[in-house]
Amino acid sequence: MRETKLPGVGVRHEFQTDRGQQVGVLVHRDGRREVLVYDVDDPDACSSVLKLSHDDTRTLSELLGATQVVEEVEAATHEIEGLTIDWIELRPQTEADGVSIADGAYRKRSGASIVAVTRNGDAVPAPEPDFVLRGGDTVVAAGTVEGVAALRAILRP
Amino acid sequence: MILAAGSAEAALAFVEIGALALGLALLARVAGRLGITAVPLYLIAGLAFGDGGIARVDVSEDFIALAAEIGVLLLLFSLGLEYSDAELRNGLRTGVPPGLLDMVLNAGPGVAAGLLLGWDPLAAILLGGVTWISSSGVISKSLADLGRLGNRETPSILNLLVIEDLAMAVYLPVVAALIVGGTVLATLTSVGIALVTVAVILGAALKFGNKLSDWLSGDSDETLLLATFGLTLLVAGLAQSLEVSGAVGAFLIGLALSGRTEERAMQLISPLRDLFAAVFFLFFSFQIDPADLLGALGWAVALALVGVVSKFLTGWYAAGRLGVGPKGRMRAGTTLIARGEFSIVIAALGAELVDGPELGALAAGYVLITAIAGPLLAKFSDRLPTPPLPQWKRAAPAT
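In order, the protein sequences belong to chains A and B.
Take -4 as the starting number for the first sequence in the numbering used here and just add one per residue.
Take 1087 as the starting number for the second sequence in the numbering used here and just add one per residue.
Put into structure tokens, the structure is as follows:
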């Protein structure tokens, strides 16, 4: 799959189908999408373009078998390039239980930051360093793909 | 000032402005039907109601003049909004060779024509700017209307527009400083001040842009609209008082906003921009005597012919660098032909020069021709014969 950035417009993804046809998806910055089918004779042009609204995209991706969660997460990562956000649910019995964020030195160890914690349905946005994690908390982590993966390995070994 | 001028005068001003706005609405509608941009039609309307035209608007001229200035600022502000700083950096990394070719091929004939006409060199440089910069407004609209955003040649077109934007950020303050003029030393100093100011604002915009965007992001639409409008005018005014072009200040503020705030600001500001920009185009051609335009028509046609060919070659080359085939290169070349809002903004800078009236008339004629011919040629480019141009080198398709 190839990705091309279109300044002022968005991002274009394209790939070749197993039968050799070039297809692409243009994701506008506001989230609208266009499905592109490239022309056989003039591979630089599109022989048909399908313009989709937000709802259309959802309907089509459901028909194609993708779950909505994937779609939403993809939308979130599109918004901020190079930034990954992940939700990490702590097990009830965990080493992190009773340890403050500062003492866990999570950012130092993983490179990712804990930007929020949810506990029993309540959100604690931007927790202070002395915030003490409990088993069962859900930690919202932000950072690079590698950093977030490292933090997940620490918190949910 | 209009409100203070007594109700009879205010009433007359309302009638004038209202009638003008309605007239512009009709023109925009006609343009929409024809599938062209409304800018050339606004220019024609301005000719009819300005100096030497069939009728003259008097009472509201002060108001219209100020609104026109705001129009320029909002045009530049939304141009800055259009691209994120990552896109600009990326443009600089990859787009310099076509950008340089673009400048030489397209600004060159304008400068040469200005000198041949015996103009002051500064007026010739401005004419070079007029013939150089493609209209990003016309081009992005015609790409979307023709369903060509997904085409392989499109990144080459958009990257070229990005480079032209960046070039404007340097060109505008430099010519603004040159226009202020004075002795060689004074001019050099003011060019230096202009460049340093731009660098400082640009640096601040890139450094604090995210903070500014975050700070504005929680606001309601009303607050965001007022804040961005206010900030744009304030920075532009400060830049102008330092004799740096205010338009560049507005451009850099647009650049500073990013992410979600950028999108919202775009949605909120664009109706305002359309309104004030229409007034700007109208006011620009108010000041052109139709007789001057007729006098400049020969040169305008000749320059436009050269401009069509030179932009075509630029697009042909830029698309070729991405490994696009002949048909796609035809599309890129023809799409780039349209000049528009920025040619007029540049010509308006020279209004006070000795050769200003001629420059204005020539620019108006040039934009009239290219803004109408460009989108039409782009639309039918697939049916035009491919010129026997060398293929140049075909680089591997960019990823």
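Note that CB positions come from ideal geometry on N, CA and C, so glycine has one too.
Query                                                                                                                                                                                       : Result
Kindly list, in the order they appear in chain A, the residues whose Cβ is closer than 7 Å to that of Thr1240 (chain B).                                                                    : Leu1
So, for Ala1363 (chain B): in the same chain, excluding its five sequence neighbours on each side, which residues have a beta-carbon less than 6 Å away from its beta-carbon?               : Gly1157, Leu1161
How close, in whole Å, do the beta carbons of Gly1215 (chain B) and Ile1432 (chain B) come, if the pair is a contact with beta carbons under 8 Å?                                           : 4 Å
Spell out the partners DSSP gives Pro120 (chain A) in its beta bridges.                                                                                                                     : A:Ala111
For Leu1235 (chain B), which of helix, strand or coil comes out of DSSP?                                                                                                                    : coil
Please give the ranges of any alpha helix (DSSP H) in the region 1284 to 1342 of chain B, keeping only runs that are unbroken, at least 4 residues long and fully inside the region.        : 1307 to 1327, 1332 to 1342
What's the C-alpha gap between Trp1205 (chain B) and Ala1262 (chain B)?                                                                                                                     : 17 Å
Please decide whether Lys1479 (chain B) counts as near chain A, where near means a Cβ-Cβ distance under 7 Å.                                                                                : Note that Lys1479 (chain B) scores a pLDDT of 47, beneath 50, so its modelled location is shaky; the value from the coordinates is reported in the next line. Not one chain A Cβ lies under 7 Å of Lys1479 (chain B).
How big is the Cα-Cα spacing for Ala1059 (chain B) and Leu1380 (chain B)?                                                                                                                   : Here chain B covers residues 1087 to 1485 and nothing more, so residue 1059 (chain B) does not appear.
Along chain A, in chain order, which residues have C-beta atoms closer than 7 Å to that of Glu1168 (chain B)?                                                                               : Gly3
With DSSP run on the structure shown, which of helix, strand or coil describes Glu90 (chain A)?                                                                                             : coil
With a CB to CB cut of under 6 Å and the five nearest residues on each side skipped, what residues in its chain are close to Gly1194 (chain B)?                                             : none
Which residues in chain A have a C-beta closer than 7 Å to the C-beta of Gly1236 (chain B)? List them in chain order.                                                                       : Arg7, Gly19, Leu21, Glu29, Leu31, Cys41, Val44
What would DSSP say about Leu5 (chain A), mapped onto helix, strand or coil?                                                                                                                : Before going on, a small fix: residue 5 (chain A) reads as Gly here, not Leu. Gly5 (chain A): strand per DSSP, three-state reduction.
Quick one: does Asp37 (chain A) have its CB under 7 Å from some CB of chain B?                                                                                                              : yes
Does the beta carbon of Val1182 (chain B) come closer than 7 Å to any beta carbon on chain A?                                                                                               : no
What are the residues of the region 1397 to 1425 of chain B that lie near chain A, defined by any Cβ-Cβ distance shorter than 7 Å?                                                          : Val1410, Gly1411, Lys1413, Gly1414
Quick check on the burial criterion: 16 or more other C-beta atoms within 10 angstroms. Buried or exposed for Gly15 (chain A)?                                                              : exposed
Go ahead and pull the three-state DSSP assignment for Ser95 (chain A).                                                                                                                      : strand
Give the single residue among B:Arg1415, B:Val1440, B:Leu1439, B:Ser1429 whose Cα lies nearest to the Cα of Pro1473 (chain B).                                                              : B:Arg1415
Quick one: using the 10 Å Cβ neighbour count with 16 as the cut-off for buried, is Met1087 (chain B) buried or exposed?                                                                     : Residue placement at Met1087 (chain B) is poorly supported in this model, since its pLDDT is 47, which falls under 50; the coordinates still yield a value, given next. Result: exposed.
Could you check the C-alpha separation between Gly1236 (chain B) and Ser42 (chain A) for me, to the nearest Å?                                                                              : 10 Å
Quick one, which residues of the region 1240 to 1261 of chain B are near chain A if we go by CB-CB under 8 Å, in chain order?                                                               : Thr1240, Pro1241, Leu1244, Asn1245, Leu1247, Val1248
Can you pull the chain A neighbours of Ser1221 (chain B), defined as C-beta to C-beta under 8 Å?                                                                                            : What Ser1221 (chain B) touches in chain A: nothing, since even the nearest Cβ is about 13 Å away.
What residues from chain A crowd round Ser1226 (chain B), counting only those whose CB sits closer than 8 Å?                                                                                : Gly3, Val4
Under 8 Å, with one C-beta from each stretch per pair, do the region 1238 to 1251 of chain B and the region 1456 to 1472 of chain B reach the 3-pair mark?                                  : no
With respect to the alpha helix (DSSP H) encompassing Arg1119 (chain B), which residues constitute its N-terminal and C-terminal limits?                                                    : 1093 to 1120
Between the region 1175 to 1191 of chain B and the region 1351 to 1361 of chain B, can you find at least three pairs of beta-carbon atoms closer than 8 Å?                                  : no
Check whether the region 104 to 115 of chain A touches the region 48 to 62 of chain A, counting contact only when three or more Cβ pairs, one atom from each stretch, lie closer than 8 Å.  : no
For Leu1391 (chain B) and Phe1398 (chain B), I'd like the C-alpha separation in whole angstroms.                                                                                            : 11 Å
Can you list, in chain order, the residues of its chain with a C-beta nearer than 8 Å to that of Leu1281 (chain B)? Leave out the 5 residues immediately preceding and following it.        : Val1256, Pro1259, Val1260
State whether the region 1300 to 1310 of chain B contacts the region 1125 to 1139 of chain B, with contact taken as three or more CB pairs (one from each stretch) at a distance under 8 Å. : no
By a C-beta neighbour count over all protein chains shown, 10 Å radius and 16 as the cutoff for buried, is Arg1234 (chain B) buried or exposed?                                             : buried
Spell out whether any CB of chain A is found under 7 Å from the CB atom of Glu1427 (chain B).                                                                                               : no
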